[in-house]
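Remarks on the structure that follows.
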Amino acid sequence: MRGARRAVPLAIAAVGLAVAGCMPTPETTQANAIDFLYLIAQILAAGVGITVYGLLVFMIVRYRRRRPPAPGEVPPQVRGNTVLELIWTGIPLLIVSLLFGMTVWTLARVNDPQPGQPVQLSVLAYRWGWRMDYTDYGIVVQSTGPGHGPEAVLPVGQPVTITLTSQDVIHSFFVPQFLFKRDAIPGMTNVFTFNIDNPGVYGGQCAEFCGMDHYAMPFTIRAVSPAEFQAWVTQQQTQAAASATPSATATP
Amino acid sequence: MVATDLEQPRVTIARPPVAEGLVDWLTTTDHKKIGLLYIGTSFLFFLLGGILALIMRLELTQPGVQFVDPSTYEQLFTMHGTIMMFLFGTPLSVGLANYLLPLQIGAADMAFPRLNAATYWMFLFGGLIVLSSFLPAGGAPAVGWTIYAPLSGITYSPGAGMDLWIVGIGLTGISSILGSVNFIATLFTRRAPGMTMLRVPIFTWGVLVTSLLILLSFPALTADLAMLFIDRHLGGSFFDPSAGGSPILFQHLFWFFGHPEVYILIMPFFGIISEVISVFSRKPLFGYRAMILAFIAIALLSFTVWAHHMFTTGAVNLPFFSLLSYLIAVPTGIKYFNWIATMWRGHLTFPTPMLFAVGFMFVFLLGGITGVMLASAPLDFQFQDTYYVVGHLHNVLVGGTVMAMFAGFYFWFPKATGRMLSERLGKLHFWTFTGGVLLAFLPMYQLGISGMPRRYADYTGNPTWDLLNLLSTGGAALMAVGVLFFIWNLISALRKPADAPDDPWAGNTLEWATSSPPPEHNFRWLPPIRSERPMWDWRMRQHDGDDQQAAEA
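Protein chains in written order, with the numbering used here: chain A, 8 to 259; chain B, 286 to 838.
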């Protein structure tokens, strides 16, 4: 039938687009766990999508009536089938149980403390910028205006613990390549830890609407080797001592 | 015709002289007219909200600020969401229920006709108050339809627009609560003889469960709004952390209302889909009782999942709310398989209502699958507050509620007006609108996965995002074309002479037993009610009767 011929490619494209979306390459140990969960969820979603669309297209193509039925001709008046209904209650229950198990396992891996002394970064979100305080080193990097965020230099292969809060409204600390965000809430402190796996520059941004310049509240994370990180720390501290006022910018 | 005891008591009621025109509509307590007022008003709000969305999509077509400045853009998305959720979706389902519920249970009117009229006028004036928030200095609130504190507090939203919003939405909320009391009372007290609860049409079951949800969830919103107002003007500090308050409390109350709200926006529409598929398959709804249980299961679960909107706050139990959110997939799956099984071995025909019903099943499934993804707390760490959520919610609300609304419009338009809508325009409407929905909302998933946050007035430098946003704007334009086909269809149908028979689709339920449009008190006779498909039974019996007569002759 015409409708079905049109519907089939449309449906396939739709399932494809919805479930085949690619996560950014995960750049932290925790993000790898989330990425794996996403893969499992995608496989299950594709299975469900293909099953349901397959059945639906079959019904449409197979049982479509072109001619009006003969007088008195009626299809079998089936009102239900307990076995079938138990099957399509049971199978989804199994699927979501599996997903739930995977979710709990992934959450444990995301929250799992990693070996090593974490770098402490205290992050304060405000309208419309970020103040990032390396509490152990006395270094502060900060936004310099809308659209000009700070750059936090962090070591790879070492835990980084973020202590997050807000001074005004709710913001959200979001680094897409870490597959992670956490809200910055006034009056409340959120603490989370991640391990960056690879050196690189990773863009971050505010993800909770916070007023006019919400869209212009970026920050960057530059991940470097532990040795380069130590060099950067020393350089920042020397600079700060030389100028006698705390450095307000991330540019080394 | 089969005589029933309903036909017997021929009481002549002295009717007031028929008031014509405007006065009639302004003073009516007829549930059908109130239903049409609700549907018409909410459809106008739908068009207005759609125009705001088109302006937003126009702005997002390419990076950079072109048409509206960021603060206007932020007012637009706040009001778009507000209008679509509170002034279109909720009153639309109330309107359909108003028109159909008394007809489907064989009643003459609602239990409280004057209260019914009052709820409509409260909704209308509440809606106008919300729209008037554009007028004062500072313009409409720019806080998102979820109006999170402290952003919506007096410090960050000092304008009177926010107060008008609170008062207007509060009024529509109270109207919804009173309306749901009326629906529940009507269903429990006004059913025709023989109409037991397990013979009540599935759409009306959806309305019952929705009314219970409204009754239990809207008070939480009312309380939240009252607390926000007290914080703003009466020195309260419910949501102010510096005085012991909590912004998280605002979210708990908001989503305790907000998550049931999305089921309020879909359950009557699940009912429409069930009814349409059954009629155009010439079969009873497969698993009618299971469908009712699924409604009840979804309703109960909907009160236990609110904090999945708060996974990234760090303030809620993640596994608990993940598990319960996942579980909603089970009753929803039951509905899907029952719809498919209803089509199995049926005599399927595809006039426009059925096209929209089947289109709904194709598109809504994507929203269902991505909803399961969002139920997983770790995946939500990436998806929360990105375009993934925007894609998901529009997939279920536009691919779901709006497409089912169109299925219902095409299905019941002949009953309400005595005129058939054009099938040719209907098909054009269906294909353009459905294509538009897919094109507008599917690219949003990839935008969100790759990290584009929602509620951004501008985005920068990423060729993939540029393309996906361009596609999405194209889809929005295509949807607008589809809606224009519908309006054209509507106007040309209303201008032609009445041509619809009483029962154009060979329907199942009692509304098809009366004339099109129905008389003021709905029924001159009723068929005997022996199942949830009294009209089907009656037609079958007529047919058997014909055979018998032929045999006797």
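The C-beta atom is built at its ideal place from N, Cα and C for all residues, glycine as well.
Q) Quick one: any contact between the region 309–316 of chain B and the region 724–735 of chain B, if contact means 3 or more CB pairs under 8 angstroms? A) Output reads no: the region 724–735 of chain B does not touch the region 309–316 of chain B.
Q | is_contact[Ile50(A), chain B] using C-beta, thresh 9 angstroms | A | Counted from its first residue, the first sequence places residue 50(A) at position 43. No, because no Cβ of chain B sits closer than 9 angstroms to the Cβ of Ile50(A).
Q. If we call anything under 9 angstroms between Cβ atoms a contact, is Tyr252(B) one with Phe535(B)?
A. Absent from the model: residue 252(B). The displayed extent of chain B is 286 to 838, so no value can be given.
Q.
In this structure, how does DSSP classify Phe606(B) when only helix, strand and coil are distinguished?
A. Here residue 606(B) is taken as the residue at index 321 of the second sequence, counted from 1. It is helical.
(Q) I need the straight-line Cα distance from Phe770(B) to Leu763(B), nearest angstrom please. (A) Position 485 of the second sequence, counted from the first residue, corresponds to residue 770(B). Position 478 of the second sequence, counted from the first residue, corresponds to residue 763(B). Using only the alpha carbons, I get a separation of about 11 angstroms.
Q) Along chain A, in chain order, which residues have C-beta atoms closer than 8 angstroms to that of Pro348(B)? A) Here the question's residue 348(B) lines up with position 63 in the second sequence. Neighbours of Pro348(B) on chain A: none; closest Cβ ~11 angstroms, over 8 angstroms.
**Q.** Meets three-Cβ-pair contact criterion under 8 angstroms: the region 560–578 of chain B and the region 499–516 of chain B
**A.** With the cut-off at 8 angstroms, the region 560–578 of chain B and the region 499–516 of chain B do not touch.
Q. Can you list, in chain order, the residues of the region 112–145 of chain A whose Cβ is nearer than 7 angstroms to any Cβ on chain B?
A. Within the region 112–145 of chain A, the qualifying residues are Thr113, Leu114, Val117.
Q: Indicate the three-state DSSP secondary structure (helix, strand or coil) for Asn747(B) in the structure shown.
A: For this step, residue 747(B) is matched to residue 462 along the second sequence. DSSP, read as helix, strand or coil, puts Asn747(B) in coil.
Q: Give the straight-line distance between the Cα atoms of Arg74(A) and Glu80(A), rounded to the nearest whole angstrom.
A: Position 67 of the first sequence, counted from the first residue, corresponds to residue 74(A). Position 73 of the first sequence, counted from the first residue, corresponds to residue 80(A). Spanning the alpha carbons of Arg74(A) and Glu80(A) requires a straight line of approximately 12 angstroms.
Q. What are the residues of the region 338–365 of chain B that lie near chain A, defined by any Cβ-Cβ distance shorter than 8 angstroms?
A. Under the 8 angstroms Cβ criterion, the region 338–365 of chain B contributes Pro355, Ser356, Glu359.
**Q.** Cα-Cα separation, Ile67(A) to Ala382(B)
**A.** Looking up residue 67(A) in the first sequence gives position 60. Looking up residue 382(B) in the second sequence gives position 97. Straight through space, the alpha carbons of Ala382(B) and Ile67(A) are spaced by roughly 29 angstroms.
Q) How big is the Cα-Cα spacing for Leu51(A) and Pro387(B)? A) As a working note, residue 51(A) is residue 44 in the first sequence. As a working note, residue 387(B) is residue 102 in the second sequence. Computed Cα separation, rounded: 43 angstroms.
Q | Neighbourhood of Ser417(B) by C-beta, 6 angstroms cutoff - its chain only, sequence neighbours within 5 removed | A | Numbered from 1 along the second sequence, position 132 holds the residue referred to as residue 417(B). Cβ neighbours of Ser417(B) beyond the five flanking positions: Leu449.
Q. Unbroken alpha helix (DSSP H) runs of length 4 or more, entirely within the region 679–767 of chain B: which are they?
A. Fully enclosed alpha helix (DSSP H) runs of 4 or longer: 688–702, 708–734.
Q.
Less than 7 angstroms between C-beta atoms, sequence neighbours within five positions excluded: which residues of the same chain meet that for Leu498(B)?
A. Mapped onto the second sequence, residue 498(B) falls at position 213. Closer than 7 angstroms at the Cβ level, and outside the excluded window around Leu498(B), lie Pro545, Tyr548, Ile549, Ala584, Ser587.
Q. Does the separation of the CB atoms of Val479(B) and Pro813(B) fall below 9 angstroms?
A. The residue given as residue 479(B) occupies position 194 in the second sequence. The residue given as residue 813(B) occupies position 528 in the second sequence. The sequence given here places Gly at residue 479(B); Val does not occur at that position. Between Gly479(B) and Pro813(B), the C-beta spacing is below 9 angstroms.
Q) According to the neighbour-count rule (16 or more other Cβ atoms, all chains shown, within 10 Å of its Cβ), is Ser607(B) buried or exposed? A) Position 322 of the second sequence holds residue 607(B). Answer is buried; the Cβ neighbour count reaches 16.
Q | Sequence-distant residues of its chain with Cβ nearer than 8 angstroms to Leu161(A) (five each side left out) | A | Here residue 161(A) refers to the residue found at position 154 of the first sequence. Val126, Leu128, Val167, Ile203, Ile228, Arg229, Ala230, Val231, Phe236, listed in sequence order.
Q: Compare the C-beta of Arg740(B) with all C-beta atoms of chain A and state if any pair is closer than 9 angstroms.
A: The residue you call residue 740(B) lines up with position 455 of the second sequence. Under the Cβ criterion of 9 angstroms, Arg740(B) is counted among the residues facing chain A.
**Q.** Extent of the continuous alpha helix (DSSP H) to which Ile368(B) belongs
**A.** Locating residue 368(B) in the second sequence gives position 83, where the first residue counts as 1. Counting along the chain, no alpha helix (DSSP H) covers Ile368(B), and no H or E run does either.
Q) So, is Ser104(A) buried or exposed, given that buried needs 16 or more other C-beta atoms within 10 angstroms? A) Translated into the one-based positions of the first sequence, residue 104(A) becomes position 97. Exposed, by the Cβ-count rule.
Q) Hey, does Ala248(A) have any beta-carbon neighbour from chain B nearer than 9 angstroms? A) Your numbering for residue 248(A) matches position 241 in the first sequence. Taking CB atoms only, Ala248(A) has no neighbour in chain B less than 9 angstroms away.
Q | 9 angstroms Cβ cutoff met for Val564(B) and Ala791(B) | A | Taking the second sequence and counting its residues from 1, the one referred to as residue 564(B) is at position 279. Taking the second sequence and counting its residues from 1, the one referred to as residue 791(B) is at position 506. Taking 9 angstroms as the cut-off, the beta carbon of Val564(B) is found closer than this to the beta carbon of Ala791(B).
Q) Which residues does DSSP pair with Pro162(A) in a beta bridge? A) Locating residue 162(A) in the first sequence gives position 155, where the first residue counts as 1. Per DSSP, Val231(A).
Q.
Tell me the rounded alpha-carbon separation between Thr258(A) and Pro616(B).
A. Taking the first sequence and counting its residues from 1, the one referred to as residue 258(A) is at position 251. Taking the second sequence and counting its residues from 1, the one referred to as residue 616(B) is at position 331. Here Thr258(A) scores only 46 on pLDDT, less than 50, and its place in the model should not be relied on; the value that follows carries that caveat. Thr258(A) and Pro616(B): Cα-Cα distance of roughly 55 angstroms.
Q) Is it true that the region 521–538 of chain B meets the region 485–499 of chain B, where meeting means three or more beta-carbon pairs spaced less than 8 angstroms apart? A) As far as the Cβ criterion goes, the region 521–538 of chain B does not touch the region 485–499 of chain B, which means the pair count is below three.
**Q.** Beta-carbon proximity list for Phe635(B), same chain, < 8 angstroms, skipping 5 on both sides
**A.** Stepping through the second sequence from its first residue, residue 635(B) is reached at position 350. Hits under 8 angstroms: Phe565, Val643.
Q) Taking only beta-carbon atoms, is Thr257(B) less than 9 angstroms away from chain A? A) Any property of residue 257(B) remains undetermined from this structure, which presents chain B solely from 286 to 838.
Q.
To be precise: take each residue of the region 582–608 of chain B, compare its Cβ to all Cβ atoms of chain A, and keep it if any distance is under 8 angstroms. Which residues remain?
A. Listed by position, the residues of the region 582–608 of chain B near chain A (Cβ gap below 8 angstroms) are Thr597, Thr598, Gly599, Ala600, Leu603, Pro604, Ser607, Leu608.
Q: Could you pull out every residue in the same chain whose Cβ sits closer than 8 angstroms to the Cβ of Thr196(A), ignoring the five residues on either side in sequence?
A: Start at 1 with the first residue of the first sequence, and residue 196(A) comes out as number 189. Correct list, in chain order: Thr170, Leu171, Thr172.
Q | Nearest-angstrom beta carbon gap, Ser735(B) and Pro31(A) [assumed within contact, 8 angstroms] | A | Numbered from its first residue, the first sequence carries residue 31(A) at position 24. Numbered from its first residue, the second sequence carries residue 735(B) at position 450. Contact holds; Cβ gap of about 6 angstroms.
Q: Kindly identify the DSSP beta-bridge partner or partners of Lys188(A).
A: Here residue 188(A) corresponds to residue number 181 of the first sequence, with the count starting at 1. Paired residue(s): Phe181(A).
Q.
Beta-carbon within less than 6 angstroms of Trp624(B)'s beta-carbon, same chain only, minus the 5 sequence neighbours each way: which residues are those?
A. As a position in the second sequence, residue 624(B) is number 339, starting the count at 1. Around Trp624(B): Ile562.
Q: Could you tell me whether the region 328–345 of chain B touches the region 353–373 of chain B, using the rule of 3 or more Cβ pairs below 8 angstroms?
A: Contact holds: three or more Cβ-Cβ distances are below 8 angstroms.
Q | 9 angstroms Cβ cutoff, Asp204(A) in contact with chain B | A | The residue you call residue 204(A) lines up with position 197 of the first sequence. No, because no Cβ of chain B sits closer than 9 angstroms to the Cβ of Asp204(A).
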